[in-house]
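Trainee: Let me give you the structure first, and then I'll get to my questions.
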Ligand code: SF4
Ligand code: SF4
């Protein structure tokens with residue numbers, strides 16, 4: 010590997026840098042790593058210009074998107090203290106990974122910039138301005154990690170939407186990964202039917218549902234007061250993802266769909282005892 014006078018990675022070295030970045034991320038605990046060239050934001054023209062990588066950081070040429078999986082059995086307990094801790098741990102791990110990757114890139118004589126996992130200070134801020142400055146979901150799509158589902162989550166072949174993402178920009182030109190062309194969402198509407206706030210309204214003619222962000226934020230506020238934020242029920246019930254094969258759960262979709270009604274009728278319903286036991290302790 011060598012650099013030209015400007016310090017830029019030479020074309021012949023790009024493959025090697027890509028492999029090194031992947032090796033570094035996987036060694037640090039990443040479950041998924043994908044590469045997007047910044048021109049995909051321009052070509053796709055789905056993200057407003059100010060929210061594109063080169064508007065945020067002009068030298069950006071490649072966005073490395075890193076994913077960490079959320080194990081299904083913990084996600085199924087949501088809302089619970091276990092799920093909250095899992096969510097916080099994933100975020101912490103992702104932020105450390107992104108921070109360490111930028112330092113690693115710098116040691117390889119490459120400029121880097123990372124965008125933290127959660128780009129907002131509080132739900133109050135999010136309520137007043139319901140956008141982050143950068144979307145990891147769109148970055149994940151452009152890096153070939155998945156496709157956007159009806160629920161507005163990124164669905165990945167490996168973990169469905171049960172994966173959290175962080176993005177690192179670099180000035181290095183790296184071969185992008187191919188985007189996934191076939192939609193992964195099967196439009197089963199389980200996410201919309203199980204949403205406790207009815208925040209997802211499926212549309213006949215389109216895959217992506219209308220999303221009532223304020224209703225979702227209200228749910229988040231309720232759960233924050235109870236110290237068991239976030240909700241993530243739409244993430245729990247999505248049937249997409251090879252991670253499900255590990256757990257061999259027959260009839261699980263029916264169980265998800267009936268959960269709310271069954272627990273309203275009988276909060277001690279034995280069918281849901283493993284989840285309700287966890288929910289009873291450690292938070293309100
Ligand atoms: S996080 Fe909860 S409230 Fe928000 S859309 Fe998903 S299921 Fe609905
Ligand atoms: S639950 Fe069904 S409709 Fe919702 S995102 Fe997953 S596959 Fe798509």
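In this note's numbering, the protein residues as written are 10 to 293. All C-beta atoms in this analysis are idealised placements derived from N, C-alpha and C, irrespective of residue type, glycine included.
Going by beta-carbon coordinates alone, are residue 226 and residue 136 separated by less than 8 Å?
Mentor: Going by beta carbons, residue 226 and residue 136 fall inside the 8 Å limit.
Trainee: Since residue 180 contacts residue 119 with CB under 8 Å, what's their CB separation in whole angstroms?
Mentor: 6 Å
Trainee: Under three-state DSSP, which class holds residue 175?
Mentor: strand
Trainee: Tell me which residues share the same chain as residue 125 and place their Cβ nearer than 6 Å to its Cβ, disregarding the 5 neighbours each side in the sequence.
Mentor: So the qualifying residues of the chain are 104.
Trainee: Can you name the start and end residues of the alpha helix (DSSP H) that residue 65 belongs to?
Mentor: 62 to 65
Trainee: With DSSP as the reference, please indicate the residues paired to residue 46 in a beta bridge.
Mentor: 71
Trainee: State the DSSP-derived secondary structure class of residue 280, mapped to helix, strand or coil.
Mentor: helix
Trainee: Sorted by chain position, which residues of the same chain lie with C-beta nearer than 6 Å to residue 56's C-beta, five sequence neighbours on each side aside?
Mentor: 50 and 147
Trainee: Here's a check: name, in chain order, each residue in its chain whose Cβ is nearer than 7 Å to the Cβ of residue 278, leaving out the five neighbours to either side.
Mentor: 271 and 272
Trainee: Residues with a Cβ closer than 7 Å to any heavy atom of ligand 2, in chain order?
Mentor: Having a Cβ closer than 7 Å to some heavy atom of ligand 2 are 158, 159, 160, 162, 164, 169, 170, 194, 195, 196, 197, 198, 199, 200, 201, 243, 246, 247, 248 and 249.
Trainee: Tell me which same chain residues have a C-beta within less than 7 Å of the C-beta of residue 275, skipping the five on either side of it?
Mentor: none
Trainee: What's the call for residue 228, buried or exposed, on a 16-neighbour Cβ count within 10 Å?
Mentor: Residue 228 comes out buried.
Trainee: Round the Cβ separation of residue 302 and residue 106 to the nearest angstrom and send it over; I've been treating them as touching at under 8 Å.
Mentor: Because the chain is modelled from 10 through 293, residue 302 falls outside the range shown and cannot be assessed.
Trainee: Is residue 99 a contact residue of ligand 1, with contact defined as CB to any heavy atom under 7 Å?
Mentor: Distances between the C-beta of residue 99 and the heavy atoms of ligand 1 are all 7 Å or more.
Trainee: If you run the structure through DSSP and keep just helix, strand and coil, what is residue 11?
Mentor: With a pLDDT of only 47 at residue 11, under the threshold of 50, the placement of this residue in the model should not be trusted, and no figure is reported.
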